[in-house]
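Its first residue numbered 1, the sequence shown is counted upward by one per residue in the working numbering.
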Amino acid sequence: MHAPLPHVSRRDLSYFFFSQHFSDGLRTTLAILLPALVGAQWGDFAAGITISTGAVCVSATDTPGPAQHKRNGMLAGLGLVFVVAIVTGLVAPYRWLLGLQVVFLAFTLTMLLVWGARAGSVGSATLLAMVLSLAHPPVLAEVLPHALLLLLGGAWYLVLALLQQQLQPYRAAQQALGECLHAMADFLHLKATFYEESTDLEDDYRRLVAQQITVNEKQEAVREVIFRSRQLVNESTSTSRRLVLTFVEAVDLYEHITAGYYDYAALRRDFGHTGLLSDIAALITRLATDLDYLGSAIQANRNYGSPAPDRTAEWDRLQVRIAALPTDAATGTHPRVLRKILVNLRDLIRRTTNLRRYFDESLVAEQPAEPGRADTHLQFVARQELHFNAFTENLTLSSSVFRHAIRMTVACGVAFVLAEIFWHGQHNYWVLMTVTIMLKPGFSLTRQRNIERIIGTLVGGVLGALILKGVDSNNVRFGFLVVFMVVAYSFQRTKYIVTVIFLTAYLLIMFTFLGSGYLGIIEERVT
1 MHAPLPHVSR RDLSYFFFSQ HFSDGLRTTL AILLPALVGA QWGDFAAGIT
51 ISTGAVCVSA TDTPGPAQHK RNGMLAGLGL VFVVAIVTGL VAPYRWLLGL
101 QVVFLAFTLT MLLVWGARAG SVGSATLLAM VLSLAHPPVL AEVLPHALLL
151 LLGGAWYLVL ALLQQQLQPY RAAQQALGEC LHAMADFLHL KATFYEESTD
201 LEDDYRRLVA QQITVNEKQE AVREVIFRSR QLVNESTSTS RRLVLTFVEA
251 VDLYEHITAG YYDYAALRRD FGHTGLLSDI AALITRLATD LDYLGSAIQA
301 NRNYGSPAPD RTAEWDRLQV RIAALPTDAA TGTHPRVLRK ILVNLRDLIR
351 RTTNLRRYFD ESLVAEQPAE PGRADTHLQF VARQELHFNA FTENLTLSSS
401 VFRHAIRMTV ACGVAFVLAE IFWHGQHNYW VLMTVTIMLK PGFSLTRQRN
451 IERIIGTLVG GVLGALILKG VDSNNVRFGF LVVFMVVAYS FQRTKYIVTV
501 IFLTAYLLIM FTFLGSGYLG IIEERVT
C-alpha cells in the first residue's frame with residue numbers, strides 16, 4: 001500500500017516562495033548564471049565560468065544572520081578564495097607540494113569551526129575554491145588572471161547580496177520571524193493532539209520534543225537577526241518597532257504554551273466521554289492556524305487580509321459546558337483541571353490577538369524609540385567571540401572540531417593519493433569535492449549524505465535525461481535549467497537530497513549546451 005502524498009496548502013507554498021531559502025536560491029542562481037551568459041555572449045565562456053565559480057564559492061559563506069556578520073563572512077571568504085586560488089595555481093605543477101597543500105588546508109580550514117558555523121562556512125568555501133581550481137589548473141602565466149576572475153565573481157555576489165540588504169533592510173527579519181511563528185504554529189498543532197483520544201501519547205511526546213528543538217532554533221535565528229542589528233533595534237521606524245514588539249510577544253506566547261502541562265492520560269480517562277477534549281483540541285488547532293496565517297503574512301510582507309476570526313465565542317461555549325460538569329464523588333473526578341485549561345486557553349487567545357498588532361501601525365506609532373534597546377536585548381543572544389587562542393585550545397582529541405579536522409585531513413589526503421595513483425590526477429577534484437561535501441562531524445549524518453547523494457544523483461540523472469529526450473527546444477531546456485538551479489540552491493541548507501537531484505539534472509542539461517567536450521564531466525559526476 002502506497003503512503004499518501006503530503007498535503008501542500010497555499011500557505012505552505014507561500015512560506016516557501018517568500019522564505020529566505022528561496023530568496024537565497026534566486027540570488028545565487030542570478031549570480032552564477034549571469035556571468036556565464038555574458039561570457040558566452042562576448043566569446044569568452046571560460047572566463048564567464050570562472051567568474052561564476054567565484055560567485056559559487058562566496059555564496060557558500062552567505063549563511064542567515066545579522067547583516068554585518070553576513071558581510072564580514074563574505075569578505076573573509078572573498079580574501080581566502082583569492083589567496084588559495086593563487087597558491088593552488090603556483091603549486092599545481094608540483095604534485096607532492098599540491099598534496100601537502102591539500103592536507104594542510106583540509107585541516108586548517110576545517111578547524112575554523114572553532115569560531116562558529118559562519119567561520120566554518122568560510123573554511124568550506126575556501127576548500128571548494130581549492131578543489132575547483134584543480135579541475136583545470138592554470139599555467140603559471142594565467143594564475144593571477146584566474147585568481148582575479150574568481151575574485152571578481154566573489155565580489156559580484158557580495159555586491160548583489162549587499163544591494164539586496166540595502167534595498168530590503170527588513171526582509172531577513174520578517175522572513176526569520178515568519179518562519180518562527182510557523183514553527184510555533186506547528187508546535188501548537190502538536191499540543192492539540194494530546195487532547196485527541198485517537199493518538200498515542202508517547203508518539204505525541206516524541207514529536208513535540210523534536211518540534212520544540214526546531215522552535216528554539218528559529219527563535220535563536222530571530223534574535224540573531226533582530227537584536228544583533230542595531231539598525232533594527234535602535235531606529236525609530238514603525239517597521240522596526242513592530243518587528244521587535246511582535247517577537248517579544250511571540251516569545252511570551254511560546255513560554256505560555258510550553259508552561260502548560262497536564263496528566264493527559266488521566267484527562268482522557270476522566271473526561272473523554274464528555275466530548276469536551278475534542279472541542280478543546282479543535283479550538284487549539286484553530287488558534288494554531290490563526291498563528292500560522294500571521295506568520296505567513298509577516299514573512300510575505302503583506303497585510304493580514306480578511307478580519308481575523310474571534311475565538312472568544314468558542315471559548316464562552318466551552319466555559320458553559322465545563323461549568324455544567326458535576327463532580328464525581330465516587331471516582332474523585334473534579335472539573336477543576338478543565339477550568340485551569342480554560343484559563344490557559346483564554347490567555348492563549350489574548351496573546352494570539354496581541355500578535356496582530358504587527359499589522360496595525362497606530363498601535364506602535366506612539367511608542368518612543370529606546371536608544372539602548374540593542375544593549376538590553378543582546379543578553380538574550382548567544383555570543384560567539386573570536387578569541388584567537390581558541391584554535392590552539394582545540395588542538396586536543398577532546399575537541400569534536402579537532403577530531404573532525406583530523407578525519408577531513410586523512411580523508412582528503414587518502415583521496416588525493418588514490419586519485420594520483422589510479423587516475424594520474426585526472427579526477428582528483430571530483431574525488432576531493434565528494435569528500436569535502438560528504439564528510440560531516442557526525443558519522444550518522446555522513447552516512448545519510450552518502451545515501452542521499454547516490455539516490456539523488458540517480459534520480460537527477462534520470463530527470464535530466466527525460467528532459468533532454470522529451471524536449472527538443474533549447475529555449476524550453478534553458479527554462480528547465482533555470483528552474484532546476486533555483487530549486488537546487490533553495491534547498492541546499494535544508495534538503496540535501498533535493499539539492500543533489502536538481503543539481504545533477506541542471507548540470508546534465510548545462511553540459512549538453514556546452515557540447516561534447518564536456519561529456520567526460522558527466523561521466524565523472526555519475527561515477
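Even glycine gets a Cβ: it sits at the ideal position worked out from N, Cα and C.
Smallest Cα separation from E224: which of D279, N450, L177? Here the question's residue 224 lines up with position 224 in the sequence shown. Of the listed residues, the one whose Cα sits closest to E224 is L177.
Three or more C-beta pairs below 8 Å linking the segment 78-86 and the segment 147-156: At 8 Å Cβ cutoff, the stretches touch.
Between the Cα of T61 and those of N475, A40, E393, Y157, spot the shortest distance and give me the residue it belongs to. Translated into positions along the sequence shown, residue 61 becomes position 61. For the set N475, A40, E393, Y157, the Cα lying nearest the Cα of T61 is the one of Y157.
Whole-angstrom distance between W315 and V500, CA atom to CA atom: Your numbering for residue 500 matches position 500 in the sequence shown. Your numbering for residue 315 matches position 315 in the sequence shown. Straight-line Cα distance between these residues: approximately 48 Å.
Relative to the C-alpha of L152, which residue among A85, H387, G99, V102 is closest? In the sequence shown, counting from the first residue as 1, residue 152 sits at position 152. If we check each option's Cα against that of L152, A85 comes out closest.
What did DSSP end up calling F194 once you bin it into helix, strand or coil? Locating residue 194 in the sequence shown gives position 194, counting from the first residue. Shown here, F194 sits in coil according to DSSP, grouped into three states, outside any helix or strand.
Proximity below 8 Å, CB of F491 to CB of H182: For the purposes of this step, residue 491 is taken as residue 491 along the sequence shown, with counting starting at 1. For the purposes of this step, residue 182 is taken as residue 182 along the sequence shown, with counting starting at 1. No, Cβ-Cβ distance for F491 and H182 is not below 8 Å.
When burial is assigned at 16 or more other CB atoms within 10 Å of the CB, is F104 buried or exposed? Within the sequence shown, numbered from 1, the residue matching residue 104 stands at position 104. By the 10 Å Cβ count, F104 comes out exposed.
Contact check, T193 vs D204, beta carbons under 8 Å: By one-based count along the sequence shown, residue 193 stands at place 193. By one-based count along the sequence shown, residue 204 stands at place 204. In contact: T193 and D204 (Cβ atoms closer than 8 Å).
How about the segment 162-177 and the segment 236-245: do they share at least three Cβ pairs that are nearer than 8 Å? Yes, the segment 162-177 touches the segment 236-245.
On the premise that A67 lies in contact with Q165, defined as a C-beta separation below 8 Å, what is that separation, rounded to the nearest angstrom? Residue 165 sits at position 165 when you count from the first residue of the sequence shown. Residue 67 sits at position 67 when you count from the first residue of the sequence shown. Contact between Q165 and A67 holds, with the beta-carbon distance rounding to 5 Å and staying under 8 Å.
Can you grab the Cα-Cα spacing for the pair L201 / T434, in whole Å? Against the sequence shown, residue 201 aligns to sequence position 201. Against the sequence shown, residue 434 aligns to sequence position 434. Cα to Cα, L201 sits roughly 42 Å from T434.
Hey, E197 and L277: beta-carbon distance below 8 Å or not? If you number the sequence shown from 1, residue 197 lands on position 197. If you number the sequence shown from 1, residue 277 lands on position 277. It is a contact, given that the beta carbons lie within the stated cut-off.
Same chain, Cβ closer than 7 Å to I322, neighbours up to 5 away in sequence not counted: Numbered from 1 along the sequence shown, position 322 holds the residue referred to as residue 322. L276, P335, L338, R339, L342, listed in sequence order.
Beta carbon of T126, beta carbon of L109: below 8 Å? Reading the sequence shown from its first residue, position 126 is the one you call residue 126. Reading the sequence shown from its first residue, position 109 is the one you call residue 109. Between T126 and L109, the C-beta spacing is below 8 Å.
Contact under 8 Å by Cβ, L503 with G460: Here the question's residue 503 lines up with position 503 in the sequence shown. Here the question's residue 460 lines up with position 460 in the sequence shown. Yes, the Cβ-Cβ distance between L503 and G460 is below 8 Å.
Consult DSSP for P371 and reduce its assignment to one of helix, strand or coil. Here residue 371 is taken as the residue at index 371 of the sequence shown, counted from 1. Note on P371: pLDDT 48, under 50, position unreliable in the model; the coordinate value appears next. Note: P371 maps to coil in three-state DSSP.
Assign S9 to buried or exposed, taking buried as 16 or more other Cβ atoms, counted over all protein chains shown, within 10 Å of its Cβ. On the sequence shown, position 9 is the one that residue 9 refers to. The Cβ neighbour count for S9, taken over all protein chains shown within 10 Å, is under 16; the residue is labelled exposed.
Please go through the same chain and pick out, in chain order, the residues whose beta-carbon is closer than 7 Å to the beta-carbon of T527, but skip the five residues on each side of it. Stepping through the sequence shown from its first residue, residue 527 is reached at position 527. Because T527 carries a pLDDT of 45, less than 50, the predicted location of this residue cannot be relied on, and no value is offered for it.
Once the 5 residues before and after T239 are set aside, which same chain residues still bring their CB inside 6 Å of it? As a working mapping, residue 239 is identified with position 239 in the sequence shown. Its chain contains Y170 as the residues whose beta carbon lies nearer than 6 Å to that of T239, once the 5 sequence neighbours on both sides are disregarded; these appear in chain order.
Do the CB positions of I49 and G39 come within less than 8 Å of each other? In the sequence shown, residue 49 corresponds to position 49, counting from 1. In the sequence shown, residue 39 corresponds to position 39, counting from 1. Yes. Within cutoff.
Considering only the beta carbon of each residue, do G154 and G77 sit closer than 8 Å? In the sequence shown, residue 154 corresponds to position 154, counting from 1. In the sequence shown, residue 77 corresponds to position 77, counting from 1. In terms of Cβ geometry, G154 and G77 form a close pair [threshold 8 Å].
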